[in-house]
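**Student:** Encoded as structure tokens, here's the structure I'll be asking about.
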Amino acid sequence: MGETRILMGNEALARGLIENGCTMAASYPGTPASEILDAIQTMAREEGYPIHAQWSINEKVAYETALAHAYCGGRAAVSMKQVGLNVAADPFLSSAYIGVKGGFLVVSADDPGPHSSQTEQDSRLLAMLAKVPVLDPASPRQAKDLVAAAYDLSETHEIPVMIRPTTRVCHARQNVECRPLSARPRTPVFERNPGRWAATPKFRLILHGQLNEKLERIAASPLAEPVAINDPGGKTRAVVASGVVLAHAKEALAEDPRLDAELALFQVLMPYPLNLTALARALSPFEEVLVLEETAP
């Protein structure tokens with residue numbers, strides 16, 4: 032039976048990873064992502080959960096180490112701050128083509144502000160460049176809950192999936208339901224397939240076509256549907272939000288019943304690949320639509 036704990040966003044992400052069978056986690060420290068691997072190590076040690084969790088010499092090495100585990104069918108995760116994704120860009124882009132066998136999550140924590148970073152760059156744009164699906168949580172609780180969906184998405188389509196929290200999600204605290212940890216042993220097995228794992232340019236062309244087909248299927252999945260946060264019936268104006276900005280919008284509506292009565296609020300959980308058809312259908316009844324995002328539109 033589960034219990035409710037007050038967890039920081041990074042702790043909630045860590046909990047989601049180990050509750051959903053992650054057995055390999057790698058990271059390089061950097062605010063606002065540093066606490067994720069610390070929390071994984073602490074929770075696993077205290078509850079006897081079998082996982083290999085390591086600090087790597089840089090983000091590229093961390094990425095490749097975790098990716099190798101996913102190549103062999105294990106569930107893996109790599110975590111870093113947004114500028115760390117620059118360091119890991121080479122394997123990040125390549126892994127989208129090659130894909131994975133076990134679920135592989137890339138947690139890239141953005142730092143709007145910035146509070147402790149060289150840039151305010153938006154990891155969602157790098158995910159779009161790499162053709163990697165990205166999920167945008169609005170709270171610590173939702174960040175944890177999205178881990179299960181992200182692993183399912185990754186394994187169904189054999190593709191890396193990014194979870195992109197921002198500073199206010201990583202360092203906020205919230206009541207989070209925690210399940211007991213149960214070992215889900217998978218014996219990692221590397222299946223020889225040179226055309227995939229050591230692809231030449233000829234095979235890369237094929238893999239790129241397969242990647243585009245994966246994205247089309249993912250864009251048609253339920254995760255890509257906009258979520259109505261309040262009752263949109265009879266309203267002429269709507270707000271569409273992604274990430275922590277949704278939490279700010281919900282708070283504003285909760286504080287002003289007049290706004291809640293006038294504005295329909297929708298959340299986009301998966302900003303890439305975006306289901307434009309579903310979004311247009313949901314927003315077609317409205318005369319005015321305001322889009323809220325952090326950081327880039």
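Whatever position you read off the sequence shown (first residue = 1), add 31 for my numbering. Each residue gets a CB set at the ideal place from its N, CA and C atoms; glycine is no exception.
Under 8 Å: do the stretch 155-166 and the stretch 180-195 share three or more Cβ pairs, one atom per stretch?
**Tutor:** The stretch 155-166 is in contact with the stretch 180-195.
**Student:** Less than 7 Å between C-beta atoms, sequence neighbours within five positions excluded: which residues of the same chain meet that for Glu293?
**Tutor:** Cβ neighbours of Glu293 beyond the five flanking positions: Lys266 and Arg268.
**Student:** Per the contact definition of three or more C-beta pairs closer than 8 Å, is the stretch 226-240 in contact with the stretch 93-101?
**Tutor:** At 8 Å Cβ cutoff, the stretches do not touch.
**Student:** Determine whether the Cβ of Gln241 lies closer than 9 Å to any Cβ atom of chain E.
**Tutor:** Reference to chain E is not applicable here, since this structure consists of a single protein chain.
**Student:** With contact counted as at least three CB pairs below 8 Å, one residue from each stretch, are the stretch 301-317 and the stretch 250-263 in contact?
**Tutor:** Touching, yes, given that three or more Cβ pairs across the two stretches are closer than 8 Å.
**Student:** Quick check on the burial criterion: 16 or more other C-beta atoms within 10 angstroms. Buried or exposed for Arg204?
**Tutor:** Answer is exposed; the Cβ neighbour count stays below 16.
**Student:** Short of 7 Å in beta carbon distance, which residues of its chain neighbour Val276, apart from the five on each side in sequence? Order them along the chain.
**Tutor:** Cβ neighbours of Val276 beyond the five flanking positions: Leu323, Glu324 and Glu325.
**Student:** Let me know if His188 comes out buried or exposed under the rule of 16 or more other beta-carbons within 10 Å of its beta-carbon.
**Tutor:** It is buried - the Cβ of His188 has at least 16 other Cβ atoms within 10 Å.
**Student:** Assuming Glu50 and Arg210 are in contact, meaning their beta carbons sit under 8 Å apart, how far apart are those beta carbons, in whole angstroms?
**Tutor:** Yes, they are in contact, since the Cβ atoms of Glu50 and Arg210 sit about 5 Å apart, within 8 Å.
**Student:** Please name the residue in Asp153, Ala158 and Asp176 whose C-alpha comes closest to that of Asp121.
**Tutor:** If we check each option's Cα against that of Asp121, Ala158 comes out closest.
**Student:** Taking the C-alpha atoms as reference points, what is the distance between Ala181 and Arg248?
**Tutor:** So the alpha carbons of these two residues sit roughly 15 Å apart.
**Student:** Please check the pair Val56 and Ile82, which I expect to be a contact at CB under 8 Å, by giving their CB distance rounded to whole angstroms.
**Tutor:** Checking the displayed sequence, the identity of residue 56 turns out to be Ala instead of Val. Right, the Cβ-Cβ distance comes to about 6 Å (below 8 Å), so this counts as a contact.
**Student:** Taking the C-alpha atoms as reference points, what is the distance between Leu246 and Ile129?
**Tutor:** Near 14 Å, if we compare the C-alpha coordinates of Ile129 and Leu246.
**Student:** For Ala280, which residues in the same chain have their Cβ closer than 7 Å to its Cβ, ignoring the five residues on either side in sequence?
**Tutor:** Here the set comprises Val270, Ala272, Leu296 and Leu323.
**Student:** If we ignore side chains and look at the alpha-carbon of each, how far apart do Val207 and Gly115 end up?
**Tutor:** If I take the Cα positions, the gap works out to 28 Å.
**Student:** Hey, out of Ser139, Ser315 and Leu48, whose CA is closest to Leu177's CA?
**Tutor:** Measuring from the Cα of Leu177, the nearest candidate turns out to be Leu48.
**Student:** Report the CB separation of Ala127 from Ala161 in whole angstroms; it is logged as a contact under 8 Å.
**Tutor:** Between Ala161 and Ala127 the Cβ distance is about 5 Å, and since that is below 8 Å, they are a contact.
**Student:** So what does DSSP say about Glu244, is it helix, strand or coil?
**Tutor:** Note: Glu244 maps to helix in three-state DSSP.
**Student:** Output the distance between the C-alpha atoms of Leu44 and Gly264, rounded to the nearest integer angstrom.
**Tutor:** Roughly 34 Å between the two C-alpha positions.
**Student:** Using the rule of at least 16 other Cβ atoms within 10 Å of the residue's Cβ for burial, across every protein chain shown, is Val220 buried or exposed?
**Tutor:** Under this definition Val220 is an exposed residue.
**Student:** From Thr54 to Ala313, what does the alpha carbon distance come to, in whole angstroms?
**Tutor:** Rounded to the nearest angstrom, the two C-alpha atoms are 39 Å apart.
**Student:** According to DSSP, simplified to helix, strand and coil, what is His239?
**Tutor:** If DSSP states are grouped into helix, strand and coil, His239 belongs with the helices.
**Student:** Verify whether the separation of the beta carbon atoms of Gln113 and Asp69 is less than 9 Å.
**Tutor:** No, Cβ-Cβ distance for Gln113 and Asp69 is not below 9 Å.
**Student:** What are the residues that DSSP puts in a beta bridge with His83?
**Tutor:** Met55, per the DSSP bridge assignment.
**Student:** Would Leu136 and Ser185 be called neighbours here (beta carbons separated by less than 9 Å)?
**Tutor:** Cβ distance < 9 Å, so Leu136 and Ser185 count as in contact.
**Student:** By Cβ distance, which residues of its chain are closer than 6 Å to Lys91, with the 5 residues on each side in sequence left out?
**Tutor:** Correct list, in chain order: Val118 and Ala119.
**Student:** For the stretch 191-272, which segments carrying the alpha helix (DSSP H) assignment without a break, of at least 4 residues, lie completely within its bounds, in sequence order?
**Tutor:** Qualifying alpha helix (DSSP H) stretches, in chain order: 198-201, 225-228 and 232-250.
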